[in-house]
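Under our numbering, the sequence shown has 197 at position 195, and the numbering climbs by one with no breaks.
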Amino acid sequence: MLFNSINFLVFFLIVTLVYYLLPHKYRWLHLLTASCFFYMAFVPIYILILGFTILIDYYAGLLIESSNGTRKKRYLIISLITNIGILAVFKYYNFFIENINIIFVIFNNKISLPHLEILLPIGLSFHTFQAMSYTIEVYRGNQKAEKKFGIYALYVMFYPQLVAGPIERPQNIIHQFYNKISFNYDEITYGLKLMAWGLFKKVVIADRLAYMVDIVYDQPREFTALPLLIASFFFSFQIYCDFSGYSDMAIGAARVMGFKLMRNFDTPYFSTSISEFWRRWHISLSTWFRDYLYIPLGGNKVSYVKWCTNTIIVFVLSGFWHGANWTYLIWGAIHGIFIIIENFFNKIVKLKIRFPSVIKMGFTFIIVNIAWVFFRASSYNDSIYIMNSLFTGLFDDVKLIFFNVISGSGIIINTSFVKWSNNKYDYIWSFGVIFFLLVIEVVNRK
Numbered sequence: 003m004l005f006n007s008i009n010f011l012v013f014f015l016i017v018t019l020v021y022y023l024l025p026h027k028y029r030w031l032h033l034l035t036a037s038c039f040f041y042m043a044f045v046p047i048y049i050l051i052l053g054f055t056i057l058i059d060y061y062a063g064l065l066i067e068s069s070n071g072t073r074k075k076r077y078l079i080i081s082l083i084t085n086i087g088i089l090a091v092f093k094y095y096n097f098f099i100e101n102i103n104i105i106f107v108i109f110n111n112k113i114s115l116p117h118l119e120i121l122l123p124i125g126l127s128f129h130t131f132q133a134m135s136y137t138i139e140v141y142r143g144n145q146k147a148e149k150k151f152g153i154y155a156l157y158v159m160f161y162p163q164l165v166a167g168p169i170e171r172p173q174n175i176i177h178q179f180y181n182k183i184s185f186n187y188d189e190i191t192y193g194l195k196l197m198a199w200g201l202f203k204k205v206v207i208a209d210r211l212a213y214m215v216d217i218v219y220d221q222p223r224e225f226t227a228l229p230l231l232i233a234s235f236f237f238s239f240q241i242y243c244d245f246s247g248y249s250d251m252a253i254g255a256a257r258v259m260g261f262k263l264m265r266n267f268d269t270p271y272f273s274t275s276i277s278e279f280w281r282r283w284h285i286s287l288s289t290w291f292r293d294y295l296y297i298p299l300g301g302n303k304v305s306y307v308k309w310c311t312n313t314i315i316v317f318v319l320s321g322f323w324h325g326a327n328w329t330y331l332i333w334g335a336i337h338g339i340f341i342i343i344e345n346f347f348n349k350i351v352k353l354k355i356r357f358p359s360v361i362k363m364g365f366t367f368i369i370v371n372i373a374w375v376f377f378r379a380s381s382y383n384d385s386i387y388i389m390n391s392l393f394t395g396l397f398d399d400v401k402l403i404f405f406n407v408i409s410g411s412g413i414i415i416n417t418s419f420v421k422w423s424n425n426k427y428d429y430i431w432s433f434g435v436i437f438f439l440l441v442i443e444v445v446n447r448k
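In structure tokens, the structure reads:
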């Protein structure tokens with residue numbers, strides 16, 4: 003059940019109306035039942051997998067809290083292995099098998115391991131990380147183990163953020179399920195406005211840009227420099243509006259019922275550095291990696307060489323979290339490398355030159371765009387072709403467009419553009435919605 007569907011609209015209205023009509027003591031059960039229904043709308047049988055991990059983590063939390071020393075750590079490890087193991091099987095098994103088979107071929111080994119024809123459970127990466135944050139926080143003593151199984155299950159399955167986040171921490175959300183929430187007009191209207199804005203970003207901007215991007219990126223070798231460059235630019239806003247749009251709808255749906263989820267995106271394309279970009283982009287995920295991987299590896303309190311190594315590890319794993327493909331790992335590595343470069347010039351070299359914010363913002367956006375090429379490309383070979391072709395012949399494309407427009411023949415000037423779109427208004431509309439988005443975000447920032 004997608005947020006941008008009529009089915010979800012009906013589901014949301016019914017669930018919210020019943021929620022406010024029910025006495026407080028029954029609301030958690032209503033939300034849990036609704037969340038189960040929401041999850042089962044995709045692949046019903048997968049509710050058993052989610053139920054299994056919830057059961058393991060619930061009892062792991064109780065055992066962790068009541069244990070000490072080695073036994074306490076053992077229960078945490080069991081919980082983490084269970085969650086990571088299920089994620090590895092469903093999301094990464096075929097990736098590893100494919101690469102092992104390639105190694106077998108290189109060494110002339112005729113063994114070929116079988117692939118699994120399984121569908122990835124919806125939202126698996128999100129609720130797996132949310133479940134792990136619970137047991138880790140209980141282990142650290144920052145969160146009391148939840149005694150009510152239903153409340154813990156609701157923490158993992160809460161339908162607004164089950165599919166696409168934000169990835170919540172137990173300290174922020176579990177106690178809210180116990181709060182008695184009254185009808186609040188201001189909260190409800192704020193939530194509905196946020197849902198509407200998220201829906202606009204998803205349907206009007208992201209889906210429109212996706213139409214243009216998919217044509218180019220599905221067959222990149224059919225296109226020349228300018229279409230590749232424009233499609234890459236469009237994808238930067240497509241993925242932002244996809245992710246942030248879904249987050250806004252999730253946060254808004256929760257707010258209508260009185261729950262406050264964490265902000266997940268904070269105008270990331272106005273960042274003046276890559277490190278700032280990651281403080282503004284997918285905040286729930288970046289802070290998850292910071293708190294549960296980067297800091298345990300030593301954070302800033304290690305040698306410079308080890309810090310560089312840890313930074314690359316964190317960003318590569320962040321890329322791998324997004325998808326089982328080498329292109330995602332490269333995407334993460336690019337961000338990690340530029341974080342290291344920034345740190346080198348800011349803290350080691352202590353560069354004295356101060357560039358205007360607009361220049362730094364533009365440079366950061368270019369770096370992020372380059373990295374997005376690897377994120378979106380279907381394969382490593384496609385990403386390399388696109389990178390090599392982005393500026394090859396670009397001047398010729400621009401020159402042809404210029405002379406064609408001057409002559410009054412229209413915008414489409416070569417077969418590459420004809421294959422992309424036969425309607426010049428597609429380009430105007432796409433640039434127009436991006437400009438509108440940026441204007442709204444500037445206004446909101448001020």
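No residue lacks a Cβ here, since even glycine has one placed at the ideal position from N, Cα and C.
Only a predicted model underlies this, so the values are computations on that prediction, with no experimental measurement involved.
Can you find a CB in chain D that lies within less than 7 Å of the CB of residue i?
| i | result |
| --- | --- |
| Lys75 | Looking for chain D here will not work: only one protein chain is present. |
Please tell me whether residue i and residue j are closer than 7 Å, where the distance is taken between their beta carbons.
| i | j | result |
| --- | --- | --- |
| Met1 | Gly200 | The shown model of the chain, from 3 to 448, leaves out residue 1, and the question about it has no answer. |
| Gly193 | Gly254 | yes |
| Val316 | Leu287 | no |
| Leu392 | Leu230 | yes |
| Ala147 | Val158 | no |
| Ile490 | Tyr77 | Lying before the first or after the last residue shown, residue 490 is absent from the chain, which here runs from 3 to 448. |
| Pro270 | Trp290 | no |
| Trp333 | Gly321 | yes |
| Gln132 | Phe261 | no |
| Phe106 | Ile99 | no |
| Phe238 | Trp374 | Rather than Phe, the amino acid found at residue 238 in this sequence is Ser. A contact, by the Cβ cut-off of 7 Å. |
| Thr137 | Asp220 | no |
| Asn383 | Val205 | no |
| Asn266 | Pro162 | no |
| Gln145 | Pro116 | no |
| Lys182 | His26 | yes |
| Ser277 | Glu344 | yes |
| Ala166 | Ile56 | no |
| Gly37 | Phe235 | The residue you asked about is not Gly; residue 37 is Ser in the sequence shown. No. Outside cutoff. |
| Arg257 | Glu170 | no |
| Thr394 | Ala233 | no |
| Ile369 | Phe340 | yes |
| Ala335 | Val307 | no |
Tell me the DSSP secondary structure of residue i in three-state form.
| i | result |
| --- | --- |
| Tyr252 | Note that residue 252 is Ala in the sequence shown here, rather than Tyr. Helix, per DSSP. |
| Asn111 | coil |
| Gln221 | coil |
| Gly63 | helix |
| Trp283 | coil |
| Gly364 | helix |
| Arg265 | coil |
| Leu52 | helix |
| Asn6 | coil |
| Val12 | helix |
| Lys74 | helix |
| Cys310 | helix |
| Phe457 | Since the displayed the chain opens at 3 and closes at 448, residue 457 lies outside it and no answer follows. |
| Ser391 | helix |
| Pro229 | helix |
| Pro46 | helix |
| Gly300 | coil |
| Ile124 | coil |
| Phe357 | coil |
| Leu34 | helix |
| Lys27 | helix |
| His129 | helix |
| Ala373 | helix |
| Glu100 | helix |
| Asn416 | Only weak support exists for where Asn416 lies, its pLDDT of 47 falling under 50; the value from the coordinates is given anyway. Coil, per DSSP. |
| Lys93 | helix |
| Leu454 | The requested residue 454 is not part of the displayed model; the chain covers only 3 to 448. |
| Gly87 | helix |
*asked:* I'd like to know if the segment 32-50 and the segment 118-129 are in contact, where contact means that at least 3 CB-CB pairs between them fall below 8 Å.
replied: Counting Cβ pairs under 8 Å, three or more are found: they touch.
*In chain order, which alpha helix (DSSP H) runs of at least 4 residues are fully inside the segment 132-216?*
Listed in chain order, the complete alpha helix (DSSP H) runs (minimum 4 residues) inside the segment 132-216 are 151-159, 172-175, 187-201.
_At least 3 beta-carbon pairs within less than 8 Å: the segment 150-162 vs the segment 88-95_ = A contact is defined here as three or more CB-CB pairs under 8 Å, and the segment 150-162 fails this definition with respect to the segment 88-95.
*Using 8 Å as the threshold, is the segment 425-435 in touch with the segment 209-216, meaning 3 or more CB pairs across them?*
Yes: the two stretches touch, three or more of their Cβ pairs being nearer than 8 Å.
*Does the segment 237-247 come close enough to the segment 381-392 to have 3 or more Cβ pairs within less than 8 Å?*
Contact fails: fewer than three Cβ-Cβ distances are below 8 Å.
*Touching or not, the segment 353-368 and the segment 303-311, by the rule of three or more beta carbon pairs under 8 Å?*
Judged by Cβ distances under 8 Å, the segment 353-368 makes no contact with the segment 303-311, as fewer than three pairs qualify.
_Start-end ranges of the alpha helix (DSSP H) lying completely within the segment 315-354, minimum 4 residues_ = If we require 4 residues or more, the alpha helix (DSSP H) runs fully inside the segment 315-354 come out as 328-345.
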